[in-house]
Each structure stands twice: as C-alpha cells, then as structure tokens.
Amino acid sequence: MKQGSFTSRDGTLLAWQRIGSGPDIVIANGLGGSIPAWKHVIAALSDRFTITAWDYRGLFSSHRPADLSSVTVPVQADDLEDLLALFHIEKAIFMGWSYGGQVLVELYRRRPEAFSGLVLLNAMVGPASGSLRLPQLCAPIFSHLLTFWAPFWRLAAPLADRVIRSGAVVSFIKSTGLVGPDLDEDVFREIAEKFVNMDHEVFRATLESAERYDGRDVLPLLRIPVLIIAGTRDFIVLPQTTREIARAIPGSRLVFVPRTSHYTAVERPAEVASEVVSFLNSLES
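Note that this note's numbering numbers the sequence shown so that position 130 is 859, with each residue one more than the last.
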C-alpha cells in the first residue's frame, strides 16, 4: 500500500492511502476506523480496482487543523475534492462507512457527475442523534454530553489501552452478542487501539459535525446504482433508520447482515466483501 499526504485548501496536512490497479474506488471512513476497517473488502477488490482513502482532518495520521471550527461535513467534502484532484480522479465508485455516508452525500450534492456508483455501509445521512432514533427532545442532551468527551478520554485512555491489548474487550463484547461471532479480532483490536489514542478533542468536534449535518434531502436525487449494507444489531445507525435511507433512494439495494452491529465489515468480512463484489460486477455487466 502506498501512503502519503496532501495539503488541503486551508493548509491542513492530510494523510492518504492508495492500493491496487484499475478503475477508481474512493473510500470515506467512519469516525472510529481508518483503512484497516476495510481490510477484507480491499483484499477482494485491489486486483481489479485502484482504491484510495484518506484520514479525516485531525484523526489518525492527518494533522490537526489550526481551527477546530473547520471540522464540518462540508469541509470534509472539500478535502475529498482536493484528494480527487490530487490523483486526477474524475469518476469513481464511492464507498462510505458511518460518517462517510454524510461526507459522500455532501459530495454528491456538489458533483453528481463524479459518481458511477455508491456503497453505503452502516451509513448515517441525517444528524447523528436522528440515526440513533433519539427523541427530538434528547438532541440537546446528546450535544451537551459531547462536551465531556475529550476530558473523559484524557483520563480513560491509559486504562482503556491496556484493557484492549489484553483482549478482554473483544472477549466481552463477543459474549454479549453485540458483535458477530466471525469478528476479525486482529482488525477490531487495531481499530480500537487507534481509536483510544487519537486526538479526542478533534473526535468530539467531528461528532458534533455529524450532529449538525443533514443530507437526507439529497437521497431522492441520487441517480446512480446504490448498495446499502447494514447490521441487524447496529446500535449507532438503527435498522429503522437504514430502511428509511433505502426507501428514499430510487432503485437502491438494501442488504442486512444478520447478527452484526456498526462494524459489519469487520464482523462478517467475507459476506460484506461478497456483496460488494457482486454489486461491482453488476456495474460492469
């Protein structure tokens, strides 16, 4: 895999990753995971496609922006446009996990001609609290709780890191049934370790941006093939929310993967990879 960095239009240095050869696929990550979360999908596709991804501003290997007020979904879409320009990508298949759904919907709002297809994986499109199906009255409480996010993780990170490395977290969540039995434990552990050690002030700002954004008005305008993959036990984007997204997109295909949560691609990697490959094959036929 090739890795590097590019400078966004506001001067923030952002990390990119690129692998494979062939037509372009561009990945928009979720907040809690970078490109390792797509390991099995990439393995199934990289011999036929060039796959490009980037880390959101201030997260993982990307630099923290000078002004945290720049952490918004529209600015993330600006960064994506800069990434496309860097690699001269005029048209691609886009795949977005979780928050990546919001970013890709915002890009489609501006540049529908850049899309030849779209895969939404455990994706949110409207405000984060709406994806959770919280009553409207609870939305201010959700926002207020985010103010404690960074202070909490400053205290909790050292202990959380030790617990994750011990394997206790993976064993516990598998025992509860919150994740599927086929969970790729190595990938999950790598995601969890990176999550614990990230800049949680930036993460909180990104969560807040997910709460402020609403791209549901774009869904009826989508005129491209769309595959939606979701987990029946997703507690971040509930199945009811995903069904509403699918109903709003003309001609979309919705696939629920049984007994998986918000990390469907890590819990049932073979099934997710198979669905994505079938979808891409249908675009070529």
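Think of the CB as a built atom: it goes at the ideal place given N, C-alpha and C, for glycine as much as any other residue. Note that the structure is predicted; figures quoted are calculated from it, not measured.
Only counting the same chain, and skipping five residues up and downstream in sequence, which positions put a Cβ closer than 8 Å to that of R972? Here residue 972 refers to the residue found at position 243 when the sequence shown is read from its first residue. So the qualifying residues of the chain are L983.
Element boundaries [beta strand (DSSP E), containing D753]: The residue you call residue 753 lines up with position 24 of the sequence shown. Residues 753-757.
Nearest CA to the CA of A843: which residue from W767, N1010, R952? Taking the first residue of the sequence shown as 1, we reach residue 843 at position 114. The shortest C-alpha separation from A843 is found at R952.
Is DSSP giving F964 helix, strand or coil here? Translated into positions along the sequence shown, residue 964 becomes position 235. F964 falls in the coil class under three-state DSSP.
Length of the line joining the Cα atoms of P752 and L774: Locating residue 752 in the sequence shown gives position 23, counting from the first residue. Locating residue 774 in the sequence shown gives position 45, counting from the first residue. P752 and L774: Cα-Cα distance of roughly 10 Å.
Taking 8 Å as the cut-off, decide whether the C-beta atoms of H792 and P998 are in contact. As a working note, residue 792 is residue 63 in the sequence shown. As a working note, residue 998 is residue 269 in the sequence shown. No.
Once the 5 residues before and after P803 are set aside, which same chain residues still bring their CB inside 7 Å of it? The residue labelled residue 803 in the question sits at position 74 within the sequence shown. E835.
Would Q726 be called buried (16 or more neighbouring beta carbons within 10 Å of its own) or exposed? With the chain running from 730 to 1014 in the structure shown, residue 726 is simply not present.
Counting Cβ pairs closer than 8 Å, one from the segment 914-921 and one from the segment 935-950, do we hit at least three? no
When you compare each of I818, D943, D928, L743 to Q831 by their alpha carbons, which one comes out closest? As a working note, residue 831 is residue 102 in the sequence shown. Nearest of I818, D943, D928, L743 to Q831, Cα basis: D943.
Can you give, in chain order, each stretch of the alpha helix (DSSP H) that sits fully within the segment 929-995 and has at least 4 residues? 929-941, 968-977
For K731, which residues does DSSP report across the bridge? Residue 731 sits at position 2 when you count from the first residue of the sequence shown. DSSP output for K731 lists R747 as bridge partner(s).
Let me make sure I understand the geometry here. Which of E914, G733, R738 has the alpha-carbon closest to that of R747? Your numbering for residue 747 matches position 18 in the sequence shown. Considering only alpha carbons, the answer is G733.
Out of G761, P841, W826, S938, which one is the CA nearest neighbour of V925? As a first step, residue 925 must be located in the sequence shown, where it is residue number 196. Considering only alpha carbons, the answer is G761.
Alpha carbon to alpha carbon, how far is I822 from R933? Give it in angstroms, no decimals. Locating residue 933 in the sequence shown gives position 204, where the first residue counts as 1. Locating residue 822 in the sequence shown gives position 93, where the first residue counts as 1. Cα to Cα, R933 sits roughly 29 Å from I822.
Under 8 Å Cβ to Cβ from S1011, same chain only, skipping five residues before and after it: list those, please. Here residue 1011 is taken as the residue at index 282 of the sequence shown, counted from 1. Contacts found: P954.
Who pairs with L849 in a beta bridge, going by DSSP? If you number the sequence shown from 1, residue 849 lands on position 120. BP columns for L849 point to G825, I957.
Output the distance between the C-alpha atoms of L866 and P856, rounded to the nearest integer angstrom. Looking up residue 866 in the sequence shown gives position 137. Looking up residue 856 in the sequence shown gives position 127. With a pLDDT of only 48 at L866, under 50, the local geometry of the prediction cannot be trusted, and the value read off the model is given with reservation. For L866 and P856, the distance between alpha carbons rounds to 14 Å.
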